[in-house]
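Asks:
In the numbering used here, the protein residues as written are 1 to 100.
1. Who are the near neighbours of residue 7 in its chain, counting only those whose CB is closer than 8 Å to its CB and skipping five residues on each side?
2. Taking DSSP as the reference, what is the three-state secondary structure of residue 74?
3. On a Cα-Cα basis, can you pick out the residue from 5, 60, 41 and 10 that is closest to residue 24?
4. Does DSSP put residue 31 in a helix, in a strand, or in coil?
5. Under the rule that 16 or more other beta-carbon atoms within 10 Å means buried, what is residue 27, buried or exposed?
6. Sorted by chain position, which residues of the same chain lie with C-beta nearer than 7 Å to residue 11's C-beta, five sequence neighbours on each side aside?
7. Using beta carbons (cut-off 8 Å, strictly below), is residue 56 in contact with chain B?
8. Using the three-state DSSP reduction, which class does residue 11 fall into: helix, strand or coil?
9. Who are the Cβ neighbours of residue 58 in its own chain at under 6 Å, not counting the five residues just before and after it?
10. Would you mind stating whether residue 38 and residue 16 have Cβ atoms separated by less than 8 Å?
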């Protein structure tokens, strides 16, 4: 996941915190969920998201995801695999249920 964060930072000029947040959003997490996972407040995440929008030329989360996935087609797959690995470690699926 560090490589993905480094690529986002280099391509869009994001801070480390912004890149981590963007990566969480690419996996389909809500802003509130991403903030909790990143141990930051919702308001801080909102501020970071506004900065991400500015740096990527986007206005909405869905648009942001499209821009990132278009710029780095393999990033989405890598981010999902990393997210799945975390969910397997804690014993739940991304939807919150027990994995099959």
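C-beta atoms are modelled at their ideal positions from N, C-alpha and C, and glycine is treated no differently.
Predicted model only: the values in this text are computed from it and were never measured.
Replies: Let's see:
1. 72 and 75
2. helix
3. 5
4. helix
5. buried
6. 71
7. Absent from the structure is chain B; it holds one protein chain and no more.
8. helix
9. 64 and 67
10. no
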